[in-house]
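*Asks:* Take the sequence shown: its letter number 197 is residue 782 in the working numbering, and every next letter is one higher. To start, I am sharing the structure in question, which I have written as structure tokens.
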Amino acid sequence: MAVGEQRLKRMVRRTGKGEEDGTELTAILRQGDRTYRLYLPLSSEGVDEARLRSQEDYEQMHFVWEQLQKQVCVSYGASRNISEYNDTRYSELNEMVQRQMTLFDPLTQISSINVLLKGGEQAAPVLQTLYQLLREVLDTDILRVEKPNPANRLYFRQGDASIETIDLPDGFRATVAWLADLCATWHKIALHAAQQTDPKHISGIVLLDEIDLHLHPSLQRVLVPRLRKVLPNVQFIVTTHSPMVLASFDRAELVVLDQDHQGAPRPLDRQVFGMSIDDVIEWLMDTPSESKVIEEIMAEGTDADRALYLYQSKEANEERARRLLEERRSLLEELRDESS
Numbered sequence: 586m587a588v589g590e591q592r593l594k595r596m597v598r599r600t601g602k603g604e605e606d607g608t609e610l611t612a613i614l615r616q617g618d619r620t621y622r623l624y625l626p627l628s629s630e631g632v633d634e635a636r637l638r639s640q641e642d643y644e645q646m647h648f649v650w651e652q653l654q655k656q657v658c659v660s661y662g663a664s665r666n667i668s669e670y671n672d673t674r675y676s677e678l679n680e681m682v683q684r685q686m687t688l689f690d691p692l693t694q695i696s697s698i699n700v701l702l703k704g705g706e707q708a709a710p711v712l713q714t715l716y717q718l719l720r721e722v723l724d725t726d727i728l729r730v731e732k733p734n735p736a737n738r739l740y741f742r743q744g745d746a747s748i749e750t751i752d753l754p755d756g757f758r759a760t761v762a763w764l765a766d767l768c769a770t771w772h773k774i775a776l777h778a779a780q781q782t783d784p785k786h787i788s789g790i791v792l793l794d795e796i797d798l799h800l801h802p803s804l805q806r807v808l809v810p811r812l813r814k815v816l817p818n819v820q821f822i823v824t825t826h827s828p829m830v831l832a833s834f835d836r837a838e839l840v841v842l843d844q845d846h847q848g849a850p851r852p853l854d855r856q857v858f859g860m861s862i863d864d865v866i867e868w869l870m871d872t873p874s875e876s877k878v879i880e881e882i883m884a885e886g887t888d889a890d891r892a893l894y895l896y897q898s899k900e901a902n903e904e905r906a907r908r909l910l911e912e913r914r915s916l917l918e919e920l921r922d923e924s925s
């Protein structure tokens, strides 16, 4: 297996007695009215070839795998990024495998890194597509993407400064990296349609670990709706720990894993996109939304300013909180005097 037997071996679960637990990977693919199964049995040696070939639908699975290599299918791990270091460790693997490697090796470069670092004539259609995509997904009042220059290099504008992709903040850089690779893969694979530079023509499957990686909450909140709008023909399979991102999905799209369900998905009986972020954190993520610091301060009960902390909010700064607290104390003293 091109992705590596050692990586697949690590996925084999063992019982408490050190025995193998017969790990199996199964995926269901739907195309129109047709349904296909992909199945991968694992053993301590990696893929269990004998078990795989004994499946009744083995030939059909083999055909599906071959067809997938003709489609856009890309994967990005949480360490996806851009670097000027020339990483050639996986250059001998076929291109489809290279497009998945950041999901398995945290030090791997995205496979289309030269589109961003070197530009050139061949990068021109890719960068035109990427430019339109970034305008819809990442443009902000603070940082804006510029049209590719005559040398087909992509720059960003922050105030009066022109910034190269490699010098962007981590969240922007990581997002630009996978979007650039998606565009490059599309233009390379879908030759019959890839003359179009409108990103709405891109179709394929994207696996993305921690989609919100290093992004400001203001961008986390709008990232998924923007991607849906500008890439309507792309299926995303993503992970996230961001309540901002979780609130962007229908409950039918969410697979929630928590310790209480022993690895099985937690069933959802309500939508979450109508909830406040605090509600998503508390109900869906089973985590208090209040600061742990104030929780400990209140439990200890020794900080003289603990009441002042509670009076501060988005409506009241520290000065106003002091006034409110003093007014409350004065009122309590008046009531105490009247009662005595």
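Using N, Cα and C, we set each Cβ at its ideal position, and we do this for glycine too. Small disclaimer: the values here were computed from a predicted structure and weren't measured.
Go through its chain and collect everything with a Cβ distance to Tyr896's Cβ below 6 Å, but skip five positions before and after it.
*Replies:* Correct list, in chain order: Ala906, Leu909, Leu910.
*Asks:* Just to confirm before moving on: does the CB-CB distance between Met860 and Ala832 stay below 8 Å?
*Replies:* Yes, the Cβ-Cβ distance between Met860 and Ala832 is below 8 Å.
*Asks:* Return the residue from the list Ala759, Cys658, Gln707 that minimises the CA-CA distance to Thr693.
*Replies:* Of Ala759, Cys658, Gln707, the residue nearest in Cα terms is Ala759.
*Asks:* If you follow the alpha helix (DSSP H) that Phe757 is in, where does it begin and where does it stop?
*Replies:* Note, Phe757: alpha helix (DSSP H), 755–774.
*Asks:* To test your reading of the DSSP string, which unbroken alpha helix (DSSP H) runs of 4 or more residues are found completely within the stretch 824–894?
*Replies:* Runs of the alpha helix (DSSP H) inside the stretch 824–894: 828–831, 877–885.
*Asks:* I need the straight-line Cα distance from Pro710 to Ile879, nearest angstrom please.
*Replies:* When rounded, the distance between both Cα atoms is 53 Å.
*Asks:* Along the chain, where does the alpha helix (DSSP H) that runs through Arg738 open and close?
*Replies:* Note, Arg738: premise wrong, no alpha helix (DSSP H); not H, not E.
*Asks:* Could you tell me which of Arg729, Asp864, Tyr643 sits nearest to Gln717, measuring between CA atoms?
*Replies:* Out of Arg729, Asp864, Tyr643, Arg729 has the C-alpha closest to the C-alpha of Gln717.
*Asks:* Applying the 10 Å Cβ sphere with the 16-neighbour rule, what's the burial state of Arg665?
*Replies:* Buried: at least 16 other Cβ atoms inside 10 Å.
*Asks:* Is the beta carbon of Ala765 sitting closer than 8 Å to the one on Ser697?
*Replies:* Yes, the Cβ-Cβ distance between Ala765 and Ser697 is below 8 Å.
*Asks:* Start and end of the alpha helix (DSSP H) containing Arg636?
*Replies:* That run of the alpha helix (DSSP H) goes 634–638.
*Asks:* Mind the definition here: the stretch 824–831 touches the stretch 796–814 only if three or more C-beta pairs lie below 8 Å; say whether that holds.
*Replies:* With a cut-off of 8 Å, the stretch 796–814 and the stretch 824–831 count as touching, because enough Cβ pairs lie within range.
*Asks:* Counting C-beta neighbours from all protein chains within 10 Å, is the total for Leu767 16 or more, i.e. buried, or is it exposed?
*Replies:* Flag for Leu767 reads buried.
*Asks:* Smallest Cα separation from Leu712: which of Val722, Leu688, Gln685, Tyr740?
*Replies:* For Leu712, the nearest C-alpha among the options comes from Tyr740.
*Asks:* Quick test of the definition: if touching needs 3 or more C-beta pairs under 8 Å, does the stretch 819–826 touch the stretch 780–795?
*Replies:* Contact between the stretch 819–826 and the stretch 780–795 is present, because at least three Cβ pairs lie under 8 Å.
*Asks:* Restricting to runs no shorter than 4 residues, where is the alpha helix (DSSP H) found entirely within the stretch 898–925?
*Replies:* Runs found: 903–924.
*Asks:* Go through its chain and collect everything with a Cβ distance to Arg619's Cβ below 7 Å, but skip five positions before and after it.
*Replies:* So no residue of the chain qualifies.
*Asks:* Based on the DSSP output, what are the partners of Gln616 in its beta bridges?
*Replies:* DSSP, once it has assigned bridges, lists Arg619 as partnering Gln616.
*Asks:* Can you grab the Cα-Cα spacing for the pair Val682 / Tyr661, in whole Å?
*Replies:* Distance between the alpha carbons of Val682 and Tyr661 is about 12 Å.
*Asks:* According to DSSP, simplified to helix, strand and coil, what is Ala708?
*Replies:* Residue state, collapsed to three classes: helix.
*Asks:* Give me the DSSP bridge partner(s) of Val791.
*Replies:* According to DSSP, which records beta bridges pairwise, Val791 is partnered with Val659, Phe821.
*Asks:* Once you ignore the five residues that flank Glu731 on each side, which residues in its own chain have a CB closer than 6 Å to its CB?
*Replies:* Closer than 6 Å at the Cβ level, and outside the excluded window around Glu731, lie Tyr740, Arg742.
*Asks:* Taking the DSSP output, what are the residues bridged to Arg729?
*Replies:* Paired residues: Arg742.
*Asks:* Give the straight-line distance between the Cα atoms of Leu723 and Phe757, rounded to the nearest whole angstrom.
*Replies:* When rounded, the distance between both Cα atoms is 8 Å.
*Asks:* Determine the closest residue to Glu721 out of Glu706, Lys773, Lys814, with distance taken between C-alpha atoms.
*Replies:* Residue Lys814 is the option with its Cα nearest to Glu721.
*Asks:* Check the C-beta distance from Asp835 over to Leu688 and give it rounded, since I have them as a contact under 8 Å.
*Replies:* Not a contact, Cβ separation roughly 25 Å.
*Asks:* Exposed or buried, what is Ile868 when buried is set at 16 or more other beta-carbons lying within 10 Å of its beta-carbon?
*Replies:* Contrary to the premise, residue 868 reads as Trp rather than Ile in this sequence. Classification of Trp868: exposed, given that the 10 Å Cβ count is below 16.
*Asks:* To the nearest angstrom, how far is it from the Cα of Arg615 to the Cα of Thr725?
*Replies:* The alpha-carbon atoms of Arg615 and Thr725 are separated by roughly 37 Å.
*Asks:* Do you know whose CA, among Met883, Gly705, Arg622, Asn671, lies nearest Pro735's CA?
*Replies:* Taking only the C-alpha atoms, the option nearest Pro735 is Gly705.
*Asks:* For the alpha helix (DSSP H) that contains Gly648, what are its first and last residues?
*Replies:* At residue 648 the sequence reads Phe, which differs from the Gly that was named. Note, Phe648: alpha helix (DSSP H), 643–653.
*Asks:* Between the Cα of Leu792 and those of Ser668, Thr824, Ala762, spot the shortest distance and give me the residue it belongs to.
*Replies:* Leu792 has its Cα closest to that of Thr824, out of Ser668, Thr824, Ala762.
*Asks:* How many whole angstroms separate the CB atoms of Thr770 and Ile667, which I take to be in contact at a CB cut-off of 8 Å?
*Replies:* In fact, because the Cβ distance is near 16 Å, the residues do not count as touching under 8 Å.
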